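Beneath this line is the structure, given in structure tokens, with notes to follow.
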Amino acid sequence: MLPENLTAIVARNETWTGACATEPYEAGWAKEAIVFVRALKTPKGPLPKARIELSADGMHWVPEGSEFDLPAGENAVTFQRLSHFGNFIRVAASLPPGSEITLLVALHLKA
Amino acid sequence: MTQLDDMRRALREADPRLSRFDPLPRIICLDDFDRGMCGWTQLVGNYEHSLDAMLPGYAQHSHAMLSTLPNWDFGSHGGVDGSYALKIATRPRKGAQNVAIKRLTFRKAGPIRIETYFTFKPEATALELSETDIRSFGFLYDLQVGDQHGAGGERVMPHLRFLNAENGVHLQKWQFKRKTTPIQPIGTAGKTITHYHLSPDDWEDLPGGGQRLCYNEIPTKVNWHYLRFDFDLASMQATGFQVNDRVFDLGSYEPIRIPAMKNLWCMLNIGFFAETDTDKRAFAYLDSVCLSGDF
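If you read the sequences in order, they're chains V and Z.
Under my numbering, the first residue of the first sequence is numbered 190, with each subsequent residue one higher.
Under my numbering, the first residue of the second sequence is numbered 324, with each subsequent residue one higher.
Quick look at the structure:
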């Protein structure tokens, strides 16, 4: 059987302001991941880096160390490759006051 | 019982993957989530031109996941006979729902049977039993007659949920619904509509449908439950419902019935859902699902 391969949309048309994160996603079966982030509308204000966070239990989170740009314009896409991430993963960002981005976030996972 | 029935039964009972199910003669799918997602995906709401057109009830949905039921206090729980189960997780907001769906069509309008081993638990953010944090676990079919049915054809949506708790009251009873929300057009092309069949309104108690399910004694331990629901696609009537050792009377059961839609002929969709009653994520888990039919 071919190895499992999954595209999971973990945030769809969500507008992020302030401190935000995608919902916890269990991916322990996967050896690698790419996180794709697409802006569905023109973002407002300066955008911080997004970061990958890991968790042992889906409740207590730590930064994985990877940071990547949030997409700067409508339909722009950014991504981050990931490996060796345990089980729970999420994308998080802390937007400064007045900044806003509406996102589509996809996890592409491979066993 | 024919010789074929006897042989089929013997073969199935000798197969550990199948002997815990009682399928009808033809197995449409046997989804063991140790093999992956098995065609279960996210129920996305309808839209046209912009995702902003999606009803909020659907916009909150996210993708189901393959889970080992990991817990902060003792680690992975695992499934009935393997490491993985399908996990349906709500957002941490009172009333939030999430749905996992499988989309098929049928080849004969006859009896079908869905069986699953399921469990549910809230996110263990508190060191308390939390037995009233989950509002419900439930399932639905989304069905429509074939394109040759003629006038009066219907789209039929049988729903059942285990109402575990509401507003902190532990209710533990099965409910059904026969009403959906008014149908609303989506976009401008006249091709798409929407309605919110999982709205919290219009659930009715299934007579005799009280059931105390094993929940275990701390917020992280789960026990798996067996569920079977029988439906006849010819009469579009429910014919059987069992959970663990209880067989329920469906004499007053009715599904949602709405006029057939112009592009859903022979549809056979199955969905499972979870709802939370607190600002805490609700997790519903399916170890495996067996859909079978008599054709």
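From the three backbone atoms N, C-alpha and C, an ideal C-beta is built for every residue, glycine too.
Remember, it's a predicted structure, so these values are computed and weren't measured experimentally.
Three-state secondary structure (DSSP) of residue i
i, result
"residue 331 (chain Z)", "helix"
"residue 261 (chain V)", "coil"
"residue 534 (chain Z)", "coil"
"residue 572 (chain Z)", "coil"
"residue 300 (chain V)", "coil"
"residue 618 (chain Z)", "coil"
"residue 470 (chain Z)", "coil"
"residue 452 (chain Z)", "coil"
"residue 355 (chain Z)", "strand"
"residue 375 (chain Z)", "helix"
"residue 212 (chain V)", "coil"
"residue 540 (chain Z)", "coil"
"residue 193 (chain V)", "coil"
"residue 336 (chain Z)", "helix"
Bounding residues of the beta strand (DSSP E) (the contiguous stretch that carries residue i)
i, result
"residue 464 (chain Z)", "457–467"
"residue 563 (chain Z)", "560–566"
"residue 486 (chain Z)", "482–489"
"residue 369 (chain Z)", "It is not in any beta strand (DSSP E) - residue 369 (chain Z) carries neither H nor E in the DSSP assignment."
"residue 410 (chain Z)", "408–412"
"residue 591 (chain Z)", "590–599"
"residue 583 (chain Z)", "Segment: none, residue 583 (chain Z) is in no beta strand (DSSP E) and carries neither H nor E."
"residue 281 (chain V)", "277–283"
"residue 244 (chain V)", "238–244"
9 Å Cβ cutoff, residue i in contact with chain Z
i, result
"residue 198 (chain V)", "yes"
"residue 249 (chain V)", "yes"
"residue 265 (chain V)", "no"
"residue 201 (chain V)", "yes"
"residue 245 (chain V)", "yes"
"residue 256 (chain V)", "no"
"residue 271 (chain V)", "no"
"residue 277 (chain V)", "yes"
"residue 212 (chain V)", "yes"
"residue 242 (chain V)", "no"
"residue 193 (chain V)", "yes"
Beta-bridge pairing of residue i - partner residues as DSSP gives them
i, result
"residue 434 (chain Z)", "Z:555"
"residue 521 (chain Z)", "In the DSSP output, where bridge partners are listed per residue, residue 521 (chain Z) has none listed."
"residue 364 (chain Z)", "Z:424"
"residue 398 (chain Z)", "Z:394"
"residue 497 (chain Z)", "Z:485"
"residue 506 (chain Z)", "Residue 506 (chain Z) is not bridged to any residue."
"residue 269 (chain V)", "V:224"
"residue 388 (chain Z)", "Z:410"
"residue 444 (chain Z)", "Z:606"
"residue 218 (chain V)", "None, per the DSSP bridge assignment."
"residue 403 (chain Z)", "None; residue 403 (chain Z) has no bridge partner."
Residue interval of the alpha helix (DSSP H) (run including residue i)
i, result
"residue 381 (chain Z)", "379–382"
Short CB-CB distance (under 9 Å) between residue i and chain V
i, result
"residue 385 (chain Z)", "yes"
"residue 412 (chain Z)", "yes"
"residue 394 (chain Z)", "yes"
"residue 367 (chain Z)", "yes"
"residue 390 (chain Z)", "yes"
"residue 338 (chain Z)", "no"
"residue 374 (chain Z)", "yes"
"residue 333 (chain Z)", "no"
"residue 382 (chain Z)", "yes"
"residue 324 (chain Z)", "no"
"residue 377 (chain Z)", "yes"
"residue 576 (chain Z)", "no"
"residue 407 (chain Z)", "yes"
Short CB-CB distance (under 9 Å) between residue i and chain C
i, result
"residue 423 (chain Z)", "Here chain C cannot be found, since the structure's protein chains are V and Z."
Inset, instruction - Identify each residue in the stretch 498–523 of chain Z for which the Cβ-Cβ distance to at least one residue of chain V is less than 7 Å, and report them in chain order. - result: none
Legend entry - Members of the stretch 353–365 of chain Z that neighbour chain V once the beta carbon cut-off is set at 8 Å: 358, 359, 360, 365
Inset, instruction - Closer than 7 Å, Cβ to Cβ, to anything on chain Z: give me those residues from the stretch 214–228 of chain V, in chain order. - result: 214, 215, 217, 218
Legend entry - Contacting positions in the stretch 583–608 of chain Z - beta carbon closer than 7 Å to chain V: none
Legend entry - Interface residues of the stretch 420–454 of chain Z facing chain V [CB-CB below 9 Å]: So the list reads 446, 447, 448, given in the order they occur along the chain.
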